[in-house]
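Residue numbers 2 to 171, in this note's numbering, belong to the letters of the sequence shown in order. From the three backbone atoms N, C-alpha and C, an ideal C-beta is built for every residue, glycine too.
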Amino acid sequence: MTVIPLVPDSIPILDIRILDGNDQENIWKILKSVFPNWSKEYTKMKPLEEGLSNIVLRFDHDNKIDEPKTILMRIRTRLADFIVNRWDEIKHMHLLHELGGEQKLYAVFQNGLVYSFIKGSTISVDKFSVPKYSERVSRITEIFLNGRNQLNKFCNKSNSFTEELHVNIA
2 MTVIPLVPDS IPILDIRILD GNDQENIWKI LKSVFPNWSK EYTKMKPLEE GLSNIVLRFD
62 HDNKIDEPKT ILMRIRTRLA DFIVNRWDEI KHMHLLHELG GEQKLYAVFQ NGLVYSFIKG
122 STISVDKFSV PKYSERVSRI TEIFLNGRNQ LNKFCNKSNS FTEELHVNIA
């Protein structure tokens, strides 16, 4: 029995497992479930090479009619489960989006996630005085400060619920 703790109803949970980054059949099953109007003809896939414990695929979709969209698909490897608690990651990603963060979680599948792409780069300390960077850091800090109490309540509630699930299942 698989238990999916506290994934909001608004996020589809797909019973699909991707075998590797070349499993086009299952990759497209997931993409078509989340974005039914997407086609291979207008979608470019690019593997991202910087993941330590995941396979990350970038998809750029532009059919010249709708607004272009870029998303990421993260395929978890076994190593990832030793590094990050998947369910904590999902609930925090969703909660941060609800509190005004830009990254949106589109779907959860057996061994991964589909979520929005946010273009970014690392900035050096000297750039914090540049308004476009300082305003961005300020916004992120505001999300954190305003959401800290809600996040703590959410985490406490979910931890209690998860512990209760484990007791009832065992």
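- Pairing Asn-86 with His-62, the inter-Cα distance amounts to about 30 Å.
- The criterion of a C-beta distance shorter than 8 Å is not satisfied by Ile-124 and Gln-104.
- Excluding five sequence positions before and after Trp-29, the CB atoms of its chain that fall closer than 8 Å to its own CB belong to Lys-41, given in chain order.
- For the 8 Å CB-CB criterion, Leu-73 and Val-57 form a contact.
- The three-state secondary structure of Asp-127, taken from DSSP, is helix.
- A Cβ-Cβ contact shorter than 8 Å links Ile-14 with Val-109.
- Here Lys-65 carries a coil assignment [DSSP, helix/strand/coil].
- Annotation: the continuous alpha helix (DSSP H) that includes Lys-33 extends over 25-35.
- Gly-102 has its alpha-carbon roughly 21 Å from the corresponding atom of Gly-113.
- Nearest Cα to Lys-45 within the set Lys-92, Ser-11, Lys-70 and Pro-132: Lys-70.
- Ile-91: member of the alpha helix (DSSP H) spanning 87-99, first to last residue.
- When DSSP states are grouped into helix, strand and coil, Ile-17 belongs to the coil group.
- If you draw a straight line from the Cα of Asp-127 to the Cα of Asn-27, it is about 45 Å long.
- The beta-carbon separation of Val-138 and Phe-129, rounded to 7 Å, stays under the 8 Å limit for a contact.
- Looking at the backbone, the Cα of Gln-111 and that of Ile-76 are separated by about 9 Å.
- When DSSP states are grouped into helix, strand and coil, Lys-105 belongs to the coil group.
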